[in-house]
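Novice:
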Amino acid sequence: MSAQDLSPELRRALKDIARTPRLLVASDYDGCMAPIVSRPEDARPNPDSVRAMRAIADLDSTTAAVISGRALRDLATLSRLPAEVHLVGSHGSEFDIGFVHEISAAATELLDTVVTELRAIAVDYEGVTVETKPASTALHVRNASDTDSDSALHRVRVGPATWDGVQVTEGKSVIELAVIRTDKGQALDILRHQAGAGAAIFFGDDVTDEKAFRRLHGPDFGVKVGDGDTLATYRVTDTDQVALALAFLYEERRAWLRGENAAPIERLSMLASPRTVALLTPDAKMCWMCHPEPDSAAVFASLLGTVDAGEFGVRPHVDGDRRAPLPQSQRYVDGTMTIATRWAGLEVVDYLPHDVAPGRTDLVRVITGSVPAMVEFAPRPEFGQASVQIEAVEDGLRVYGSNEPIVLRAPGVTWRIDTERFYQRATAVVDASNGPVVLELRCGTDYIGEEERTETQRRELAQSYWSDWSAGLALPVIKPDLMKRSALTLKGLVHADTGSIMAAATTSLPEEIGGVRNWDYRYCWLRDAALTASALVSVGSHAEAEGYLTWLYRVLGTVNGPEWLHPLYTLAGGGLPPEAIIDSLPGYAGSRPVRVGNAANQQVQLDVFGPIVELIGHLADARAATGDATPLTDADWDLVANMVWAVERRWFEPDHGIWEIRGNPRHHVYSKVMCWMTVDRALKIGERFGREVEPGWSVLRDVIAGQVIDQGWNAEVRSFTAAYEGTDLDAATLHIGLAGMIDPADPRFTQTVEATEAELRSGATVYRYHHDDGLPGGEGGFHLCAAWLVEAYLLIGRRTDAEALFDQLVKAAGPTGLLSEEYDPVAERSLGNHPQAYSHIGLLRCAALLAG
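Sequential numbering of the sequence shown, starting at 1, is according to full-length UniProt numbering.
#1: Nearest to arginine 192 by CA position, among Asp148, Ile17 and Val25, is which residue?
#2: Can you tell me whether DSSP reads tyrosine 521 as helix, strand or coil?
#3: Would you identify the three-state DSSP class for glycine 222, choosing helix, strand or coil?
#4: Whose CA, out of Arg253, Phe377 and Ala52, lies closest to the CA of alanine 247?
#5: Select from Ser534, Pro611, Cys287 and Leu14 the residue whose C-alpha is nearest the C-alpha of tyrosine 250.
#6: Between the C-alpha atoms of alanine 827 and alanine 812, what's the straight-line distance to the nearest angstrom?
#7: Do you know offhand how far alanine 802's Cα is from leucine 850's?
#8: Identify which residue in Thr77, Cys32 and Leu304 has its Cα closest to the Cα of valine 596.
#9: Counting along the chain, where does the alpha helix (DSSP H) carrying serine 145 start and finish?
#10: State the DSSP-derived secondary structure class of valine 66, mapped to helix, strand or coil.
#11: Between the Cα of alanine 272 and the Cα atoms of Arg459, Trp415 and Tyr234, which residue gives the shortest distance?
#12: Considering just the uninterrupted stretch of the beta strand (DSSP E) at isoleucine 339, what are its terminal residues?
#13: Under 8 Å, with one C-beta from each stretch per pair, do the stretch 412 to 425 and the stretch 340 to 351 reach the 3-pair mark?
#14: Helix, strand or coil for leucine 527 per DSSP?
#15: Drop a sphere of 10 angstroms on the beta-carbon of histidine 154, count the other beta-carbons inside from all chains shown, and report buried for 16 or more, exposed for fewer.
#16: Tell me, to the nearest whole angstrom, how far the beta carbon of valine 37 is from that of alanine 57; I am working on the premise that it is less than 8 Å.
#17: I'd like the span of the alpha helix (DSSP H) that includes glycine 617, first residue to last.
#18: Taking only the alpha-carbon atoms, compute the straight-line gap between histidine 91 and serine 145 and give it to the nearest angstrom.
#19: Should alanine 505 go down as buried or exposed, given a rule of 16 or more other Cβ atoms within 10 Å for buried?
#20: Have a look at Asp150, Glu382, Leu363 and Ser538 and flag the residue whose alpha-carbon is nearest the alpha-carbon of arginine 409.
#21: Could you give the residue range of the alpha helix (DSSP H) that holds isoleucine 736?
#22: DSSP three-state label for arginine 845, please.
#23: Which residue's Cα is closest to the Cα of leucine 257: Glu694, His668 and Gly587?
#24: Can you find at least 3 beta carbon pairs, one from the stretch 388 to 399 and one from the stretch 322 to 342, that sit closer than 8 Å?
#25: Give me the Cα-Cα distance between leucine 531 and leucine 615, rounded to the nearest whole angstrom.
#26: In whole angstroms, give me the CA-to-CA distance for valine 438 and valine 790.
#27: Note the first and the last residue of the continuous beta strand (DSSP E) segment covering aspartate 350.
#28: Quick check on leucine 397: does DSSP put it in helix, strand or coil?
#29: Please classify valine 413: does DSSP put it in a helix, a strand, or coil?
#30: What is the C-beta distance between serine 500 and leucine 571, in whole angstroms, given that I count them as a contact (C-beta under 8 Å)?
#31: Does leucine 326 come out as helix, strand or coil in the three-state DSSP assignment?
#32: Could you name each continuous alpha helix (DSSP H) segment of 4 residues or more that falls completely within the stretch 410 to 477, going from the start of the chain to the end?
#33: Excluding sequence positions up to five away, which residues of its chain have a Cβ less than 6 Å from the Cβ of phenylalanine 95?
#34: Taking all protein chains shown into account, decide if valine 559 is buried (16 or more other Cβ within 10 angstroms of its Cβ) or exposed.
#35: Do leucine 490 and alanine 739 have their C-beta atoms closer together than 7 Å?
#36: According to DSSP, is alanine 71 helix, strand or coil?
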């Protein structure tokens, strides 16, 4: 037997309920987990059901239970289920540890009297037996003749069953009398509350199970085993089919929780416009897009779950249950953020149009070819938490239920709309053999008519924006195509409306598969944004730095002084909402929780000032090189002075560091080096551009350097360490040489490089640190740290090692040239948010240094 022996409707229902964030799976014992037998003491469970229930109980966010009419002791003895499976006996009156009901003395006395009366009845009939339980007693007649059975049951019904304080439950060939309330439905409610379950499924075969079926509601459902009237929604024939259903449920839930169908992170590609981004899987599913801003809630978020979180797919149409073929290729149109995915006889081109008003997000998908295509449109606003309805209208679809209007313009397409639990999905088979099929998704407007520009004009406008820009770059000559893609990726993370720059396009892509180190990087970190802008200045593009500094001036106007800047802000320049968890999403490859917001915005990170001052220096040099009459503006110099002011007031404090350790602040060496760099670069900028500097700046620079060199060096480990008075290493301390605080020829820098290499490098990658940071689990190596080590190798004369590590860094990029945050050298897969600005900054820097 296989799952195909279950009805298609039940399989669909099991698939749906398997995607519940917290699930309760419960079953009766006799007739469900175990077949009905003539002697109750011989009722052994179906081994396949035991295996499935045990496996279900081991899953995260899943509670398994057996609720039986048997006494709890007998149930435990017969079932031999592990402690992870909750056992409830006596029709809900006996719970396992933690759920014990107390029985009063009066109830105990009544029970003794009822037992005596039932035994007196049973002795008169052959095959009639009495079972005693802690709070009840049962008369079994399954082995008696029909005449004796009817007579015995009648005597109980007119006798002890009528006594005050007696609760009666009748089942198949049994009548049970209890002295406390017994109700499988009540037991199910208690288990649901204890587990915090959002949905429950219950398997039952007896009339006593109808009380449990009656309690089911919403996404819950019941499964009746065998014949007979029932409140259950579905039915199976016997205990073998119960085992099949449990096994099928386990497989579906495990796959959902673990994200077994998750596309490798490095194979995801990013679309971008000047104000938003979206991610596409290798098989052309739009799996990530937020609206109205990149740091808003997602409309498509299947990247962090399943289609329940929203997805927009295009693929070749195939008949029946056959899988669609994989694409032959996916590539960017050269120098642009337009992506073409191609199968044999079919192509879809995706891009984000630029000619849209603020507050609107458009996506255009153009299908061409001779093979029919299947289109699946499943928007799920608010990370899938908003229940929406889809209506087919002339020329497309309208989506209702979101706080933002959403339409899909699709002239000539005939849609089928299906309802799945709380959601609707629209599907269509389209034929592009007579001309392109154009799908235009518009969020933030209810206008579904024609645009002023044709699709061809809109595409040309979008593509020329990127290609014209990238054609004017002065890129490193090493790996020029990859360098162009890195620059385009950094440009794509720029929010042109505000000037802010995202650290990455996503939230909660994990640092460890199945782990909890899942953070929201869709915001503007002052440090990361300054480094991104500097990288773009280095390849000849100044506008991003100008926009970022303008954004930063506005942010400075919201704080009491520059020393009180937060490490990060929303793209609009405001404070972040409290860090929260989207419990309805299982996470990428089962990596939970999915977080929105970032608690790091309340941390102290004293390294943020240095990259800002260095950016101003780079920008001023670049302006001067182009003949700008005022390469360093008064506003820029005021900002430099403000950053030094902030350092002067806070450099001596402990902080949480660049890695945002969620523990007690420490005196991080990297943070102190960045404070030193703030002052050092300010002095150099002032000297280059004839600005008057404060007399105390040079003293401050020397004081900071003296302390760092004295307290940051650890002779025992022969390295500068992560923090003062510590022995743990941190790749970020390489900046003591990279930033120029000490001469790269200083033996202490060479020893720090060697110690970092020995302890933190693992093949193609370099870890940030290995010390206990207070969080469970581990993480991958950090691409940016690998880039720092490449630079450090060059500084100490190890060019061959630098080239080799750079080549390995390049190989970690995905097929379309994107890098995530981290890399697992064992599994050889990317980890962390994607694409990550840090990683592409490091790639560009290394290529420029290696090119000389």
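Even for Gly, the Cβ is constructed at its ideal location relative to N, Cα and C.
Specialist: By the coordinates alone:
#1: Check the Cα spacing between arginine 192 and each of Asp148, Ile17 and Val25: the tightest is with Val25.
#2: The three-state secondary structure of tyrosine 521, taken from DSSP, is coil.
#3: In the structure shown, glycine 222 sits in a strand (DSSP, three-state: E or B).
#4: Among Arg253, Phe377 and Ala52, the Cα nearest to that of alanine 247 is on Ala52.
#5: The residue among Ser534, Pro611, Cys287 and Leu14 with its C-alpha nearest the C-alpha of tyrosine 250 is Leu14.
#6: If you take the alpha carbons of alanine 827 and alanine 812, they lie about 12 Å apart.
#7: Rounded to the nearest angstrom, the two C-alpha atoms are 8 Å apart.
#8: Residue nearest to valine 596 within the set Thr77, Cys32 and Leu304 is Leu304 (criterion: CA-CA distance).
#9: In the DSSP assignment, serine 145 falls outside any alpha helix (DSSP H) and carries neither an H nor an E.
#10: Of the three classes helix, strand and coil, the one that applies to valine 66 here is strand, per DSSP.
#11: With distances taken between Cα atoms, alanine 272 lies closest to Arg459.
#12: The continuous beta strand (DSSP E) containing isoleucine 339 extends over residues 339 to 343.
#13: Touching, no, given that fewer than three Cβ pairs across the two stretches are closer than 8 Å.
#14: For the record, residue 527 in the displayed sequence is arginine; it is not leucine. Three-state DSSP puts arginine 527 in a helix.
#15: With fewer than 16 other beta carbons inside 10 angstroms of its own, histidine 154 counts as exposed.
#16: With a Cβ gap of about 25 Å, valine 37 and alanine 57 do not count as contacting.
#17: In the DSSP assignment, glycine 617 falls within the alpha helix (DSSP H) that extends over 609 to 625.
#18: One C-alpha to the other measures close to 26 Å.
#19: Per the 10 Å Cβ criterion, buried.
#20: For arginine 409, the nearest C-alpha among the options comes from Leu363.
#21: 735 to 738 is the extent of the alpha helix (DSSP H) around isoleucine 736.
#22: Note: arginine 845 maps to helix in three-state DSSP.
#23: In this structure, Gly587 is the residue among Glu694, His668 and Gly587 with its C-alpha nearest to the C-alpha of leucine 257.
#24: The stretch 388 to 399 vs the stretch 322 to 342: no contact.
#25: The straight-line gap from Cα to Cα measures roughly 7 Å.
#26: For valine 438 and valine 790, the distance between alpha carbons rounds to 46 Å.
#27: Residue range 346 to 351 is occupied by the beta strand (DSSP E) that includes aspartate 350.
#28: In the structure shown, leucine 397 sits in a strand (DSSP, three-state: E or B).
#29: Coil, per DSSP.
#30: Rounded, the Cβ-Cβ distance is 4 Å, consistent with contact.
#31: Residue state, collapsed to three classes: coil.
#32: Along the stretch 410 to 477, the alpha helix (DSSP H) occurs as fully enclosed runs of 4 or more residues at 455 to 471, listed in sequence order.
#33: Cβ neighbours of phenylalanine 95 beyond the five flanking positions: Val88.
#34: Here valine 559 is exposed, its C-beta having fewer than 16 other C-beta atoms within 10 Å.
#35: One thing to note: leucine 490 has its Cβ no nearer than 7 Å to the Cβ of alanine 739.
#36: Residue state, collapsed to three classes: coil.
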